[in-house]
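Q: Before anything else, here's the structure in question.
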Amino acid sequence: MSPVLASTRQELADLLAARRVRGERVGLVCTMGALHEGHASLMRRTRAEIGPGAPLVVSLFVNPLQFGPGEDLDRYPRTFEEDRALCEAEGVDVLFAPSVDEVYPGGRPQVTVEPGPLATILEGASRPGHFAGVLTVVAKLFGLVRPDVTVFGEKDYQQLALVRRMSADLCLGVEVLGGETVREPDGLALSSRNRYLDDEQRRTALALSRTLRAAQAAAAEGLAAAEAAARTELSRSPGVDLDYLVITDPSLGGLPAEPPPGTAARAIIAARVGSTRLIDNLPLVLGPQVDQGPSRLSPQEGAS
Ligand code: PAF
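To get the working numbering, take the position in the sequence shown, counting from 1, and add 20.
Here is the structure:
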């Protein structure tokens, strides 16, 4: 069945009121449209969390607040009919697609979310104001939909970390889960911005996932080896204008120079191919895998 379309806050509130009275868990997937299989996987994951009959809401809103001057706000792909069809195929109940005036009635809001120090590194350093814009609209969507659970893609790893942090620090009561990055068979992470790439740029863009995989493959030899392997792979890839490449801890706090064996880490890259800015990341475990020894039975399992 086609999702019910809500384009105003009132329509959304009316649609969700009855469901809330019935005590159903509400799930939300926030998007800017131009939906692809990565978004579909977030919808499936959210559905699995809330259960078959509960309301799954997808928001579709290209948020001007998170685009800087000279960024791609005007040319961001808008593909409403295809997006609606994907939502229908994924069993979405409500598609919330408001106008800019509906979300920001008085223009730019006076009160916005200050995302704190985590937003000053990586994407935040390259795109000043971006995460204040993201968190402000996500806080608004949380306020309008009042979801119990939401799933954000791990491809936007820093965004996921910040949304989690916001929900916890501001006691918003929304469970924020991460959904695994979906890739093309050749490794390219799915992104709405991949549509900007021509065939040659698309081939060039594969350098991002190759670089991360090189780091992953060398991670058993330690942090320095993983970093060196990633840099070597990248140096073989002309046409990639690197913004940053880091191996950091999973909460983005940085790593000691010599992390102990078994340390979990994340390799993260951002680069421009032509005029398209792409980001990607992969998990790593640094150093030789720690031998856990023979598995011990829990007291329950051990009881005869
Ligand atoms: O990841 C996105 O598409 C956007 O940043 C989000 C979370 C929908 C907020 O506009």
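C-beta: ideal position from N, C-alpha, C; glycine also.
Treat the numbers as computed from the prediction; the structure is a model and nothing was measured.
1. What's the gap between the Cα of PRO137 and the Cα of THR268?
2. For the putative contact between THR224 and VAL171, defined by C-beta atoms under 8 Å, what is the C-beta separation to the nearest angstrom?
3. Output the distance between the C-alpha atoms of ALA248 and LEU182, rounded to the nearest integer angstrom.
4. Report all residues from its chain with a CB closer than 6 Å to the CB of LEU55; omit the five preceding and five following residues, and keep chain order.
5. Shorter than 7 Å, the distance from the beta carbon of CYS50 to the closest heavy atom of the ligand PAF, or not?
6. Which residue's Cα is closest to the Cα of ILE288: PRO84, ALA244, MET63 and THR231?
7. When the Cβ atoms of the segment 23-42 are set against those of the segment 153-172, are three or more pairs found closer than 8 Å?
8. How would you label LEU80, buried or exposed, when you count the other beta carbons within 10 angstroms and need 16 or more for buried?
9. Give the secondary structure of THR28 by DSSP, where H, G and I count as helix, E and B as strand, and everything else as coil.
10. Just to confirm, does VAL157 get its C-beta within under 7 Å of one of the non-hydrogen atoms of the ligand PAF?
11. For MET186, I'd like the list of residues in its chain whose CB is within less than 8 Å of its CB, leaving aside the five on either flank, ordered along the chain.
12. What is the rounded straight-line gap between the Cα of LEU36 and the Cα of GLU57?
13. Rounded to whole angstroms, what is the Cα-Cα separation between ARG40 and THR51?
14. Can you have a look at LEU306 and say buried or exposed, based on whether 16 or more other CB atoms are within 10 angstroms of its CB?
15. Quick check: is any heavy atom of the ligand PAF less than 7 Å from the C-beta of VAL112?
16. Check whether the segment 282-301 touches the segment 210-222, taking contact to mean three or more Cβ pairs, one atom from each stretch, closer than 8 Å.
17. Quick check: is any heavy atom of the ligand PAF less than 7 Å from the C-beta of ASN83?
18. Do ALA26 and PHE116 have their C-beta atoms closer together than 8 Å?
19. Cβ of ASP176 versus every heavy atom of the ligand PAF: is any distance shorter than 7 Å?
20. Counting along the chain, where does the alpha helix (DSSP H) carrying THR231 start and finish?
21. Just to confirm the assignment, what range does the alpha helix (DSSP H) spanning GLU122 have?
A: Taking the coordinates as given:
1. 16 Å
2. So it is not a contact: roughly 30 Å between Cβ atoms.
3. 29 Å
4. ASP103 and LEU106
5. True, at least one ligand heavy atom lies under 7 Å from that Cβ.
6. THR231
7. yes
8. buried
9. THR28: coil per DSSP, three-state reduction.
10. yes
11. VAL133, PRO135, LEU155, VAL158, ALA159 and LEU192
12. Distance between the alpha carbons of LEU36 and GLU57: 26 Å.
13. 22 Å
14. buried
15. no
16. yes
17. yes
18. yes
19. Yes, the beta carbon of ASP176 sits closer than 7 Å to at least one heavy atom of the ligand PAF.
20. 219-238
21. 120-123
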